[in-house]
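Undergrad:
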Amino acid sequence: MSAVLKTALPVRESPAPESLALKAEAKGLDFYYGAFKALKNLHMPVYEKKVTALIGPSGCGKSTFLRSFNRMHDLYPGNRYQGEIRMYPDNVNILAPDVDPIEVRMRISMVFQKPNPFPKTIYENVAYGMRVRNINRKSTVDEKVEKALREAALWMEVKDRLHDLAFNLSGGQQQRLCIARALATDPEMLLFDEPTSALDPIATASIEELVDELRQRVTILIVTHNMQQAARISDYTAYMYLGEIIEFGETDQIFIKPRNKQTEDYITGRFG
Amino acid sequence: MATVDLPRPAAMAIADPDRLKHKFSRNIKERIIEMILFLAALVSVATTLGIVFILFYESLAFFRHVPLVDFFTDTMWTPLFSEPRYGIAPLLMGTLVTSAVALCVAIPVGTVIAIYLSEFAPFSVREAAKPFLELLGGVPTIVYGYFALVFVTPLLQKVFPGLPGFNMLSAGLVMGVMIIPYISSVAEDAMRAVPMSLREGSYAMGATRFQTATRVVTPAAISGIAAAYILGISRAVGETMIVAVAAGMQPNFTINPAEPASTITAYIVQVALGDLPHGSVGYQSIFAAGLMLFLLTLVFNILGHWMRRKYREAY
Ligand SMILES: Nc1ncnc2c1ncn2[C@@H]1O[C@H](COP(=O)(O)OP(=O)(O)O)[C@@H](O)[C@H]1O
Ligand SMILES: [Mg+2]
């Protein structure tokens with residue numbers, strides 16, 4: 000490993016304009032899978048109602064970092080967080096042991112790499128988040144299901160077959176259904192883990208378009224293996240390598256004038 | 000096969016043309032092994048076919064004496080009387096009532112155990128519980144039968160004083176305990192086959208473990224769980240020793256589990272123990288009863304296998 004990589008760059012103290020509010024912030028985050036340290040001293044802001052992309056070569060820790068935001072790692076024994084992810088406006092460290100991961104997941108939703116609709120109808124898939132919160136009033140659920148499906152650009156395609164099984168949808172539709180499911184509970188933040196890697200180019204384009212529209216109402220953190228995608232849809236980009244954040248900045252800056260040689264090599268395709 | 004003469008590489012021209020042909024010695028060995036394996040498979044298939052053939056053949060002889068209509072509509076089964084009657088209904092009822100009691104125990108308990116082991120138990124507990132469950136399934140059924148007769152029945156009599164010494168309730172309850180591991184292990188396998196990504200999707204929506212287990216994992220595994228139930232049912236219908244020992248062997252057309260009754264299986268044991276002369280109608284009646292049992296379990300097994308295949312295809 001070169002000396003350059005060993006020194007994690009200090010995060011740019013961006014003198015944020017007044018409108019730029021922090022939604023979350025990683026502060027000295029370490030993460031361990033058992034004895035393996037997968038994340039090393041991460042510092043990164045997530046700005047409200049902006050799209051932040053995590054890029055980097057496979058295995059660099061993008062998913063691990065993303066899944067820390069909704070405490071997904073709590074599901075498996077032997078995983079350990081150190082450091083903080085602060086969530087605002089509460090200014091609470093959501094990794095603290097006294098914070099209930101279920102409460103965190105109620106506010107920070109997630110969309111996975113492979114579409115994972117439940118073995119239920121289209122309607123019940125979207126209603127799931129309400130059902131687990133014991134929201135069962137039909138008029139409320141109906142309304143929220145429709146709203147979420149519209150926001151996920153799926154309503155027109157499924158409005159006549161809401162009570163069909165979700166498995167009958169195409170891959171791209173299933174992924175939009177998963178986005179609708181995540182949106183239906185009005186989360187403050189949405190996590191996407193390579194949401195288009197299992198989709199064809201047309202379905203990918205429609206998901207990207209969707210992310211572009213969603214930024215107006217929700218904070219988005221997205222992992223992508225596709226640099227063009229990061230450049231197209233994100234406002235901020237973090238380049239990760241071997242469990243560290245090598246560079247974080249505005250997407251334009253990262254892609255046009257990366258400060259770090261490592262970032263530049265990755266982005267120009269000389270690496271990774 | 001090429002008709003056009005192409006210039007060939009030199010190596011090919013001098014190669015032994017027989018080199019790629021089948022080797023006789025290797026061939027014969029393969030053939031012999033194949034034959035042995037085939038014969039082994041044939042034995043089991045032939046046995047099954049033989050059983051089915053004898054069942055049908057002897058039943059045919061039976062139905063020459065007893066009209067099918069009587070067999071299905073008469074409510075008395077009295078092959079030992081001077082005027083014997085052959086209505087299968089009492090035996091069928093005994094089988095159904097004991098099976099129903101057993102399933103009332105085995106289905107809920109088996110399902111809860113499956114959910115617990117698949118979704119809640121830490122690895123160490125799961126590994127420790129499995130041998131116990133297997134043990135439960137490995138106890139000879141005659142042991143269960145006497146357990147029902149000398150332990151469970153007296154216990155039940157303390158609660159229900161009028162309960163006769165032989166009764167379907169006690170036999171059914173113990174049979175249920177015996178079936179629990181069959182249901183729990185098949186249902187657990189089905190639940191564990193549900194991909195982790197579905198569970199993660201549920202947790203990510205803020206669901207609890209219990210909600211995830213009941214609202215996502217269970218419906219995803221539903222055809223496998225149904226298969227487990229059906230295998231349990233066919234187990235209960237075919238169970239012999241427990242009912243023969245603890246339920247009494249008196250054919251009794253009733254749905255009251257507190258009464259003694261005989262079942263199809265218990266009747267077959269009774270006759271096979273040797274009260275009726277070979278070749279008599281009474282003797283042949285066990286084949287007709289056996290055929291009923293065979294068809295009943297066959298239907299359940301086919302249903303079960305069909306459902307298992309279906310759930311394997313789901314993911
Ligand atoms: N469950 C796990 N147990 C142990 N190591 C893991 C586990 N998941 C991922 N890792 C390791 O952590 C590192 C980061 O993985 P990941 O976050 O999945 O990378 P990325 O999403 O950037 O491809 C890799 O070295 C990977 O092998
Ligand atoms: Mg990943």
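Line by line, the protein sequences are chains A and B. Residue numbering for the first sequence follows numbering that gives the first Met the number 0, starting at 0 and increasing by one per position. Residue numbering for the second sequence follows numbering that gives the first Met the number 0, starting at 0 and increasing by one per position. Just so it is clear, CB atoms sit at the ideal spot from N, CA and C, and this is done for glycine as well.
If contact means a Cβ-Cβ distance below 8 Å, which residues of the segment 213-231 of chain B contact chain A?
TA: Arg214, Val215, Pro218, Ala219 and Ile221
Undergrad: If we require 3 or more residues per run, which beta strand (DSSP E) segments fall completely within the segment 140-228 of chain A?
TA: 188-192 and 218-222
Undergrad: Got a sec, what are the start and stop residues for the alpha helix (DSSP H) Ser58 (chain B) sits in?
TA: Phe23 to His64
Undergrad: For a contact meaning CB atoms closer than 8 Å, what does Ser196 (chain B) contact in chain A?
TA: Near Ser196 (chain B) (Cβ distances below 8 Å), the residues of chain A are Phe111, Lys113 and Asn115.
Undergrad: Quick check on DSSP: helix, strand or coil for Glu118 (chain B)?
TA: helix
Undergrad: Under 8 Å, Cβ to Cβ, is there at least one residue of chain A near Glu199 (chain B)?
TA: yes
Undergrad: Under 9 Å between beta-carbons, which chain B residues line up against Asp108 (chain A)? List them in chain order, please.
TA: The question names Asp, but residue 108 (chain A) in the sequence shown is Ser. Going along chain B in sequence order, the residues near Ser108 (chain A) (Cβ under 9 Å) are Ala203, Met204 and Gly205.
Undergrad: How would you label Leu272 (chain B), buried or exposed, when you count the other beta carbons within 10 angstroms and need 16 or more for buried?
TA: exposed
Undergrad: Counting only C-beta atoms, is Pro118 (chain A) closer than 8 Å to chain B at any point?
TA: yes
Undergrad: Hey, is Lys350 (chain A) close to ligand 1, as in C-beta under 7 Å from one of its heavy atoms?
TA: Nothing about residue 350 (chain A) can be reported from this structure: the residues present for chain A run from 0 to 271 only.
Undergrad: So is His162 (chain A) buried or exposed if we call it buried at 16+ other beta carbons inside 10 Å?
TA: exposed
Undergrad: I'd like the list of long-range same chain contacts for Asn300 (chain B), defined as Cβ closer than 8 Å, with 5 residues on each side in sequence excluded.
TA: Ile229, Leu230 and Ser233
Undergrad: So, does the segment 189-198 of chain B touch the segment 147-156 of chain B, judging by three or more C-beta pairs under 8 Å?
TA: no
Undergrad: Please classify Ser169 (chain A) as buried or exposed, where buried requires at least 16 neighbouring CB atoms within 10 angstroms.
TA: exposed
Undergrad: Quick check: what's the CA-CA separation for Asp199 (chain A) versus Ser108 (chain A)?
TA: 24 Å
Undergrad: Quick one: list the residues of chain B neighbouring Tyr80 (chain A), beta-carbon separation under 8 Å, in chain order.
TA: Result: empty, since nearest Cβ-Cβ is about 16 Å, beyond 8 Å.
Undergrad: I'd like to know whether the C-beta atoms of Ile253 (chain A) and Thr236 (chain A) end up nearer to each other than 8 Å.
TA: yes
Undergrad: Looking at the C-beta of Ala147 (chain A), does it have a partner C-beta in chain B at a distance below 8 Å?
TA: no
Undergrad: Where do the N-terminal and C-terminal ends of the beta strand (DSSP E) with Asn40 (chain A) fall, by residue?
TA: Phe35 to Tyr46
Undergrad: For Thr195 (chain A), is the beta carbon positioned less than 7 Å from some heavy atom of ligand 1?
TA: no
Undergrad: Alpha carbon to alpha carbon, how far is Trp154 (chain A) from Arg208 (chain B)? Give it in angstroms, no decimals.
TA: 30 Å
Undergrad: Apply the 10 Å Cβ neighbour rule to Ala127 (chain B) and answer buried if 16 or more other Cβ atoms are within range, or exposed otherwise.
TA: So Ala127 (chain B) counts as exposed.
Undergrad: Kindly list the residues whose CB is nearer than 6 Å to the CB of Glu187 (chain A), restricted to its own chain and excluding five residues on each side of it in sequence; keep chain order.
TA: Within its own chain, the residues whose Cβ lies closer than 6 Å to the Cβ of Glu187 (chain A), once the five positions on either side in sequence are excluded, are Arg106, listed in chain order.
Undergrad: Using DSSP bridges, identify the partner residues of Met292 (chain B).
TA: The question names Met, but residue 292 (chain B) is Leu in the sequence shown. Beta-bridge pairing links Leu292 (chain B) to no other residue.
Undergrad: Return yes when the C-beta of Arg122 (chain B) is under 7 Å from any heavy atom of ligand 1, and no when it is not.
TA: The identity of residue 122 (chain B) in the sequence shown is Phe, whereas the question assumes Arg. No.
Undergrad: Taking 7 Å as the cut-off, is the beta-carbon of Ala126 (chain A) closer than that to any non-hydrogen atom of ligand 1?
TA: no
Undergrad: Given the structure, does Lys113 (chain A) come close to ligand 4, in the sense that its CB is under 7 Å from one of the ligand's heavy atoms?
TA: Ligand 4 is absent from the structure shown, which contains only ligand 1 and ligand 2.
Undergrad: Given that Ala69 (chain A) touches chain B, what residues does it touch there, using C-beta distances under 8 Å?
TA: The sequence as given places Asn at residue 69 (chain A); Ala does not occur at that position. Simply Ala203.
Undergrad: Under DSSP, the alpha helix (DSSP H) around Lys157 (chain B) begins and ends at which residues?
TA: Counting along the chain, the alpha helix (DSSP H) containing Lys157 (chain B) begins and ends at Thr152 to Val158.
Undergrad: Of all the residues that make up the segment 127-139 of chain A, which are near chain B by a beta-carbon distance shorter than 9 Å?
TA: Of all residues in the segment 127-139 of chain A, those with a C-beta nearer than 9 Å to a C-beta of chain B are Tyr127, Gly128, Arg130, Val131 and Arg132, reading in chain order.
Undergrad: Answer with yes or no whether the minimum CB distance from Ile221 (chain A) to chain B is below 8 Å.
TA: With 8 Å as the cut-off, Ile221 (chain A) does not count as an interface residue toward chain B.
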